[in-house]
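Protein chains in written order, with this note's numbering: chain V, 6 to 136; chain H, 63 to 206; chain Z, 13 to 681.
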Amino acid sequence: MNRLLIVDDSKLMRDMIAACLRPLGAVAFEFAGTGLEAIERLALAAFDLMVLDLNMPDVGGVEVVEFVRAQDRLRELPILIVTTRGDDDSRAQVLGAGASGFLAKPFAPAEILGEVRRLLTPARAIGRAPA
Amino acid sequence: MTSSLHVTFRVGTAEYAVPAAQVLHLESFETATHVPGAPSYVAGLVQVRGRVVPVVDLRARFGLPRIDHALAHRVVVVQLGTRVAGLLVDSAREVIQLDDASFQDAPELIKQQANGFVTATVTVRDRLFLIVDVPRVIGQEPAS
Amino acid sequence: MSDDVDLGEFVAGFIAESDELIATANAALLDLEAANLAGAPRPRAVRDLFRALHTIKGLAGMIGVEPIVELAHALEGLVRTADRAGSALARDAVDVSLRGVSAIAERVRAVAAQRAVPPVPAELLDAIAVAAGEVGRPAARAPAPGPTAVDAPGWDAGLTPGDRQQLAAGWGAGHRAWRVSFAPSEASAARGITIASVRARLGELGEVIKVLPRATPGQASSVAFDLLVASAAPAEALARAAATTVDQLVELIAPPAPPAPELDASEPAEAAPRDDGGAMLGRALVRVELARLDELQDQLSLLIVSRFRLEREIAALAERAVDVRALREIANLQGRQLRDLRRAILRARMVRVAEVLEPLALLVRSLGRSAQKEVRLVLDARDAELDKAVADRLLPALVHLVRNAVDHAIEPAEERVARGKPRAGTVTVTCADVGGNRLELIVRDDGRGIDRRAIAARSRRAVDADADLLDVLTSPGFSTRDVATRTSGRGLGMDIVRRIATGDLGGELAISTTPGAGTAFTLRVPLTIALVEVFSFVCGRQTFVVPVSSVEEIFELRAGQDVQPPAAAGASSPVRLAERRGQAIPLRSLGCVLALDGGADARKAIVVRRQGAPVGFTVDRMLGRHEVVVRPVDDPLVKLRGIAGSTDLGDGRPTLVLDLGALVAERPV
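Dropping the structure here:
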């Protein structure tokens, strides 16, 4: 069972992303509407992947990635950035911060599904204490 | 019988001369950006007067041990055709007139030892100057 | 289960959320209108407006309603410009924005009624573009309210000027400022106490100025949140709202500082729309074109992004032993076409030199007045055009040359008349395309000319040759005057002019001068320069850069993540392997490949692709990103595989640009 955290300040967007990813099969979704909530959820549970929008109030996407990457237990967490700013500069910013993938909005359902499949390692959840 | 200006400089204990026509300008030297993979006698790249120029460390080129950086160190920036390169020397200050006719062919032994870097010698009032083959020094052919 | 997902079921949600966003946008616009009357900037309202438009754009894009995307995008551009100009929207801009939002609402209703969505009227888009052009003019800015030098120990790194303003305002209103820390836990979350709920409750008691996350490894919950709150409520109430105790609160005391210098209210607030252009050259016409050029470039970037993915798919196919040669050829062709397209867009960024130089006329007039000389400027640029990036970099150099001419070269009126010259001095700036992608600009004056003898005496070298004269004049620290003149300073700028012309722009600078008659400076600059975005990093104590476009991913190696597979005995720096998301990626130590000292503890991996397969290079640490000009390094002495060129990160020293792909199979140097 894969646990995915979907972070976007638009509820509609969150729901659409979840719908796009349902074909993954054994997957459970959690949602967060702000960068702060995302950081909170990541602290309290283990996830296999996070889908993150860049443009959010308070703590923006890039800062979330940086903050998350700075924590040992979350260093390996696959982070897929989705954003309307699909330009080189955003991609570069996001890469520099340590994101694992980058997808520009609008995207077709098959695209985000493909990206998430690529990034998921089925067996392990990130964030649990090492055995 | 022509006499022309030459820029003179010192590397180790010897004094050298190159035609001033080949010299663009003299620069002081602090550090060069190391270029991985370049021959060991290339000190690196420097930025002078807006240009990025490779610098040949003449001490290394001429088989002398490295020394610490000193204020007197200079880069003699030369231009040959389209190539512009720098020669890192211990000091450089004088520009003197040298008479072609007074050039003497360098001794065979020296030419060989110096890998062809020195083509002739000239003596001016007891001072010995070695004339440098600049194209060869800056490696018109890749060094082995 | 089929992979096909139909987003049509979300139309209802789209309508509902759009209505909310439209309401937010309208509220923000009305707030900005009120702010105009009060003369105060409203960075929050601008941000809210921007985010609402941005979100509508994204959602409409997903659902597939193009006209709404167009409108939202145009308004987004207008707001972004406003944000940079001082967090305010002028009346006209507010009006046109309200019209734009109303047009969006109309189209949302069409979607709801399942009617065809009308296209956007060109007139409205034009009106928005024009408003964006006018907004961009740096008009009189509203002064910042109150003192802004606030002491906020522990917060300093995280507070923006906007935050400090709010803090100062809170103190000014008699409130107290507190740091409230909240550590989330599963138990609290189960009871409904989360960062969101804490924030909301504190928001009811006062103003939450900032929230910063903090990693707390080794504690029960691995993060904590620090909230900076300005409130008149008693400490106990705040503590309760945050599910903590009073002794955990830390109060910030207002410093007894005198009024601080005025804050530059045009400073963009955090999370504000990103700046993606160069300096504003303030011409309405250029700005309209720029908005469309930005869109062009955005579209191009999307194309480039999807090309990346195409390459990945091809690589995946290749892994499954599918013959991908034809596909690769097409992908390469596409790559070339994208490069051509990019060049075409760069050409579209050309600006007319005549427009770039317009400000010089005013400059000359005011300089002449303060120097008490009569000077006029003649501009002759005809139809010459220049890349915006080049123009931005060139203008300061031209300004300096013109200043010098007025200051040093042009004689006072009486002296000129005595010499038989016209009373007013003339500074001419001409510009012509000389072919070979070069533009030649000449700044000429009919003044004194340069006194070679005086220069030779001062510099103690011969300056008979023009090149030598130029050398001396552009040496850092050289000055023809002992006393700084009011307008030109100590003549330190000539070395910068040279640096701009020959260094930054890779062009040429020359001088010619005739005593008594005048001086001319000639600059030859390229018509376009390619700016490349790069990551900078340290490896083996040396700084390098690598183009962003060649990087696939950057990650940090954990201990034990890399292993040594079999290699020849005694092999120097054998290739290692790292496990990454179920894949084995070869790892090379860049420090070893380049035979650099140090670099033993290189834990950052930069992943590039070579013939479809990923390879990681380990380096010491990443530094940052830059947009730079890359100069070729092609002297045979330093022409090497893996070195794509050199650039200047601003420290005056060459920094090597690496082609990591070319180093993948290289033996260590």
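By construction, the Cβ of each residue, glycine as well, lies at the ideal position given by its N, Cα and C atoms. All of these numbers come straight from a predicted model, not from anything done at the bench.
Using a C-beta to C-beta distance shorter than 9 Å, which residues of chain V count as neighbours of residue i?
i               : result
A207 of chain Z : Before going on, a small fix: residue 207 of chain Z reads as Ile here, not Ala. What I207 of chain Z touches in chain V: T39, L41, E42, I44, E45.
T93 of chain Z  : Here the premise fails: no neighbours, minimum Cβ distance about 16 Å.
So residue i is in the beta strand (DSSP E); what residue range does that whole segment cover?
i               : result
L44 of chain Z  : That residue, L44 of chain Z, is in no beta strand (DSSP E); its alpha helix (DSSP H) goes 23-50.
F112 of chain V : Where F112 of chain V is concerned, there is no enclosing beta strand (DSSP E), given that its DSSP letter is neither H nor E.
M506 of chain Z : Careful: M506 of chain Z lies outside any beta strand (DSSP E), inside the alpha helix (DSSP H) at 505-510.
F556 of chain Z : 554-559
Hey, could you find the ends of the alpha helix (DSSP H) residue i is sitting in?
i               : result
L250 of chain Z : 247-253
D161 of chain H : Where D161 of chain H is concerned, there is no enclosing alpha helix (DSSP H), although the beta strand (DSSP E) it sits in stretches over 153-161.
K69 of chain Z  : 55-75
S585 of chain Z : Premise fails: S585 of chain Z is in no alpha helix (DSSP H) and is neither H nor E.
A656 of chain Z : Segment 655-660 is the beta strand (DSSP E) holding A656 of chain Z; no alpha helix (DSSP H) there.
E565 of chain Z : No alpha helix (DSSP H) contains E565 of chain Z, which is instead part of the beta strand (DSSP E) from 563-568.
F72 of chain V  : 66-74
Taking Cβ-Cβ distances shorter than 8 Å, what residues in chain Z pair up with residue i?
i               : result
A31 of chain V  : In chain order: nothing, as chain Z lies at least about 11 Å away.
I200 of chain H : L649
A147 of chain H : D647, L649
Pull up the distance between the alpha-carbon of residue i and that of residue j, whole angstroms please.
i               : j               : result
S524 of chain Z : A474 of chain Z : 16 Å
A154 of chain Z : T89 of chain V  : The predicted position of A154 of chain Z is uncertain, since its pLDDT is 41 and thus under 50; a value taken from the coordinates is nonetheless stated next. A154 of chain Z and T89 of chain V: Cα-Cα distance of roughly 32 Å.
R536 of chain Z : A393 of chain Z : 14 Å
D238 of chain Z : A97 of chain V  : 29 Å
G624 of chain Z : A333 of chain Z : 13 Å
A283 of chain Z : D63 of chain V  : For A283 of chain Z, the pLDDT reaches just 33, beneath the cut-off of 50, and the residue's location in the model is therefore unreliable, leaving the point undetermined.
S471 of chain Z : V484 of chain Z : 7 Å
A130 of chain V : L517 of chain Z : In this prediction, A130 of chain V has a pLDDT of 48, which is less than 50 and means its spatial position is unreliable; nothing more can be read from the coordinates.
A40 of chain Z  : S114 of chain Z : 14 Å
L599 of chain Z : V56 of chain V  : 27 Å
A330 of chain Z : R122 of chain V : 18 Å
A201 of chain Z : S105 of chain V : 29 Å
F191 of chain H : R136 of chain H : 18 Å
S500 of chain Z : V411 of chain Z : With a pLDDT of only 45 at S500 of chain Z, under the threshold of 50, the placement of this residue in the model should not be trusted, and no figure is reported.
A247 of chain Z : E45 of chain Z  : 36 Å
A360 of chain Z : E568 of chain Z : 40 Å
C604 of chain Z : R643 of chain Z : 26 Å
For residue i, does the count of other Cβ atoms within 10 angstroms reach 16, so buried, or fall short, so exposed?
i               : result
H131 of chain H : exposed
L345 of chain Z : exposed
E21 of chain Z  : exposed
Q177 of chain Z : buried
Q231 of chain Z : exposed
I22 of chain V  : buried
E45 of chain V  : buried
I11 of chain V  : buried
S561 of chain Z : exposed
P280 of chain Z : For P280 of chain Z, the pLDDT reaches just 36, beneath the cut-off of 50, and the residue's location in the model is therefore unreliable, although a value from the coordinates is still provided. With 16 or more Cβ atoms within 10 Å of its Cβ, P280 of chain Z is classed as buried.
G120 of chain V : Looking at the sequence itself, residue 120 of chain V is Glu, so the reference to Gly does not match. With 16 or more other Cβ atoms within 10 Å, it is buried.
E29 of chain Z  : buried
A105 of chain Z : buried
G204 of chain Z : exposed
G125 of chain H : exposed
L124 of chain V : buried
P169 of chain H : exposed
S164 of chain H : exposed
L107 of chain H : buried
Any beta carbon from chain A within less than 8 Å of residue i's own beta carbon?
i               : result
A154 of chain H : In the displayed structure, chain A is absent; the protein chains listed are V, H and Z.
Could you list which residues in chain Z have their beta carbon closer than 7 Å to that of residue i, in chain order?
i              : result
H87 of chain H : D483
How would you list, in chain order, the residues of chain H whose beta-carbon sits under 8 Å from the beta-carbon of residue i?
i               : result
T534 of chain Z : Correct list: empty, because the minimum Cβ distance to chain H is about 15 Å.
List the residues of chain H whose Cβ lies closer than 7 Å to the Cβ of residue i, in chain order.
i               : result
G664 of chain Z : Q109
I467 of chain Z : Simply none; closest approach about 16 Å.
Using the beta-carbon of each residue, which ones in chain V are nearer than 7 Å to residue i?
i               : result
I566 of chain Z : L100, G101, G103
E219 of chain Z : In chain order: nothing, as chain V lies at least about 14 Å away.
Would the segment 639-647 of chain Z and the segment 572-588 of chain Z be scored as touching if the rule is three or more Cβ pairs under 8 Å?
no
Does the segment 81-101 of chain H come close enough to the segment 144-158 of chain H to have 3 or more Cβ pairs within less than 8 Å?
yes
Hey, is the segment 114-129 of chain Z in contact with the segment 48-58 of chain Z, meaning 3+ C-beta pairs nearer than 8 Å?
Contact fails: fewer than three Cβ-Cβ distances are below 8 Å.
Does the structure place the segment 77-93 of chain Z close enough to the segment 23-35 of chain V that three or more beta carbon pairs sit under 8 Å?
A contact is defined here as three or more CB-CB pairs under 8 Å, and the segment 23-35 of chain V fails this definition with respect to the segment 77-93 of chain Z.
Taking 8 Å as the threshold, find out whether the segment 413-420 of chain Z comes into contact with the segment 373-392 of chain Z through three or more Cβ pairs.
Touching, yes, given that three or more Cβ pairs across the two stretches are closer than 8 Å.
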